[in-house]
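Only one structure is covered here, and it is reproduced in the block below.
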Amino acid sequence: MRQLVAWGATEWRRRRALVWLMFDQGIFASTNFALNVLFARWLSVRDYGIYSVSFSFFLFLAVIHWATVIEPLIVQAARVEADRVRAFAVALLKAHGLLLLVITGLCGVGFAAASLFHARQVGWEIICAGVGGNMVLMLLTARRLCLVFFSARMSALFGLSYCLGVVLSAALLHRLGDIAWFEVWIIMGGWSGAAALAIFGRLYIRASGKEPFTLSDLFRFQSTYARWGIFSALFYWVRGDALLLILAQSAGVEALAQTRVVATLCNPLLQVNAALNASWLVRFPTVPIPERGAEMRRKLVPYALVGLAVVVVTALINRPLVAAVFGARYAGAAWLLPVLYLANVLGGLETLSGGGLKAWGALRSGYLPHFISSVFALALGSLLIPRAGIAGLAYCSAATGVLGAALALGTLWGHLRRASLDRDPSRVCDQPTLPNRGD
Numbered sequence: 001m002r003q004l005v006a007w008g009a010t011e012w013r014r015r016r017a018l019v020w021l022m023f024d025q026g027i028f029a030s031t032n033f034a035l036n037v038l039f040a041r042w043l044s045v046r047d048y049g050i051y052s053v054s055f056s057f058f059l060f061l062a063v064i065h066w067a068t069v070i071e072p073l074i075v076q077a078a079r080v081e082a083d084r085v086r087a088f089a090v091a092l093l094k095a096h097g098l099l100l101l102v103i104t105g106l107c108g109v110g111f112a113a114a115s116l117f118h119a120r121q122v123g124w125e126i127i128c129a130g131v132g133g134n135m136v137l138m139l140l141t142a143r144r145l146c147l148v149f150f151s152a153r154m155s156a157l158f159g160l161s162y163c164l165g166v167v168l169s170a171a172l173l174h175r176l177g178d179i180a181w182f183e184v185w186i187i188m189g190g191w192s193g194a195a196a197l198a199i200f201g202r203l204y205i206r207a208s209g210k211e212p213f214t215l216s217d218l219f220r221f222q223s224t225y226a227r228w229g230i231f232s233a234l235f236y237w238v239r240g241d242a243l244l245l246i247l248a249q250s251a252g253v254e255a256l257a258q259t260r261v262v263a264t265l266c267n268p269l270l271q272v273n274a275a276l277n278a279s280w281l282v283r284f285p286t287v288p289i290p291e292r293g294a295e296m297r298r299k300l301v302p303y304a305l306v307g308l309a310v311v312v313v314t315a316l317i318n319r320p321l322v323a324a325v326f327g328a329r330y331a332g333a334a335w336l337l338p339v340l341y342l343a344n345v346l347g348g349l350e351t352l353s354g355g356g357l358k359a360w361g362a363l364r365s366g367y368l369p370h371f372i373s374s375v376f377a378l379a380l381g382s383l384l385i386p387r388a389g390i391a392g393l394a395y396c397s398a399a400t401g402v403l404g405a406a407l408a409l410g411t412l413w414g415h416l417r418r419a420s421l422d423r424d425p426s427r428v429c430d431q432p433t434l435p436n437r438g439d
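Residue 283 in my numbering sits at position 283 of the sequence shown, and the numbers go up by one each step.
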């Protein structure tokens, strides 16, 4: 009876933690979604297109940040000894300070180059995305620290404060007069920086120990993943936002605005993908070899079935949904919604399969399908988008999703098949280790 009660309590805590994790991701997704809806309604199509270009520059930073900071942090931060957690938090904060300085310098160079070619508007887009975006990235790091050292509940509460702050600030600015596209970066950057500093401060106060954790330790800590992740990040951006920039160049920022508006409705799925990937990266390294295949089936099959059901629903309601959320001026591009959802479901299968491979130490196998499908996307998009505009982007996204999912699932199946031949079923993969204190 005691064992049954203990099992029930453990299961309840596990499910409650999962609910908080999904709520945390939902809060962040809802905030970004609300801002995109408000600015799509308040700005002209052209100005929203300009903001979309700046957002593509931000996503370039975001994918690099995810691959070189967030993903290694999720996998490895729990290995930080208790007496080094305080120094670990300080090292992360210093790293983001250095990152801000580097990005600011690069943005200055980008602005000067854009001005030299009489494209000062592009220069301002680079600066806004770089400086404001870095604050948003610092908040993403802080939220992941909450997941590792505190709880999803605390991360969700900080996220709720951020949500209220940015939405109310945007509404206040709009009420005071016309709002400009770059003000979204001021709002998001300001509130992100404040929330991130609050989380870092709480971690510093709550953590104990006086053992050092230097910036050099941190960089060595991340390097095993970063050398692969940096290439994956670049390919990820090429696969998505580079194609959008091709669309803006060939069909105009208005076409980009229409596409970005429809893509905004895919944000809930992208946030679910990110939450599942973060959770699975923590869980998968502990799964014994004989259980890996069953574990992946238990997770991927329900995801695929629910994802395909959502694609069907979006195919039925796409036009009234886009018109209701963003207004009639964007309803003409609503047909794109189910195509993008299908591409993102397939991309989720690719990401989650690759996440399992990376968590089990097969970094090359985890990244290779993404590299191949990204090169394919750029080649196909360069041919189709200048000729067919938004339709070309849709065909390219769907074809790339099919190829990426097929490659990732095939690679995963091959890895599991080889692993099943191992004679030691209790062995788990070797993970990158923290630097010794004496290093």
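Ideal Cβ placement from N, Cα and C applies to all residues, glycine included.
Residue span of the alpha helix (DSSP H) that contains residue i, given as start and end
i    : result
P369 : L363 to A388
V322 : R292 to F326
R46  : V45 to H65
K358 : L336 to A359
W191 : E183 to R206
V69  : First-last for V69: undefined, no H or E at that position.
A255 : V253 to T264
F158 : A152 to L176
Residue burial classification, residue i (beta-carbon count within 10 angstroms, cutoff 16)
i    : result
D24  : buried
D217 : buried
Q271 : buried
A311 : Reading off the sequence, residue 311 comes out as Val, not Ala. It counts as buried.
A113 : exposed
K210 : exposed
E125 : buried
R292 : buried
R239 : buried
G110 : buried
P369 : buried
G201 : exposed
I317 : exposed
R423 : In this prediction, R423 has a pLDDT of 46, which is less than 50 and means its spatial position is unreliable; what the coordinates show is noted afterwards. Looking at its Cβ environment, which holds fewer than 16 other Cβ atoms inside 10 Å, R423 is exposed.
Q497 : In the structure displayed, the chain extends from 1 to 439; residue 497 sits before or after that span and is not available.
A379 : exposed
L440 : Absent from the structure is residue 440, since the part of the chain shown begins at 1 and ends at 439.
G381 : buried
Test item: CB-CB of residue i and residue j under 8 Å
i    : j    : result
L256 : V53  : yes
F376 : T351 : no
I246 : I385 : yes
C107 : I127 : yes
R329 : V45  : yes
G307 : G348 : yes
A142 : A67  : no
A331 : R319 : yes
A394 : V339 : yes
G123 : S115 : yes
L412 : S373 : no
L337 : A405 : no
G49  : V253 : yes
L99  : N134 : yes
G189 : V102 : no
R144 : I230 : no
T31  : V166 : yes
L300 : S56  : no
Contact belief for residue i with residue j at Cβ below 8 Å, rounded distance in angstroms
i    : j    : result
A95  : L215 : 6 Å
I199 : F158 : 6 Å
G389 : A251 : 4 Å
F58  : A170 : In fact, because the Cβ distance is near 17 Å, the residues do not count as touching under 8 Å.
A398 : A315 : Actually they do not touch by this definition, with Cβ atoms about 13 Å apart.
L164 : A89  : The Cβ separation is near 25 Å, so there is no contact.
Close Cβ partners of residue i (< 6 Å) along its chain, the five nearest in sequence each way excluded
i    : result
Y51  : W181
F326 : A40 and V261
L139 : S192, A195 and A196
F371 : F235
Y162 : W191 and A195
F33  : N267
R427 : With a pLDDT of only 49 at R427, under the threshold of 50, the placement of this residue in the model should not be trusted; the figure read from the coordinates follows. Taken in chain order, the list of residues that qualify is empty.
A29  : N267, P268 and Q271
Spatial neighbours of residue i in its chain, beta-carbon cut-off 7 Å, leaving aside the 5 residues before and after
i    : result
N513 : Residue 513 is absent from the model: the chain starts at 1 and stops at 439.
W237 : L59, F60 and V63
L137 : L61, A62 and H65
R175 : none
S155 : D24, R143, C146 and L147
8 Å Cβ shell around residue i - same chain, five flanking residues per side excluded
i    : result
H415 : L357, W360, A362 and S365
V322 : V261, V262, L265, Y330, A331, A333, A334 and L337
A304 : V345 and L349
L160 : I27
Minimum Cβ-Cβ distance from residue i to chain D less than 8 Å
i    : result
L363 : Of the protein chains in this structure there is only one, and it is not chain D.
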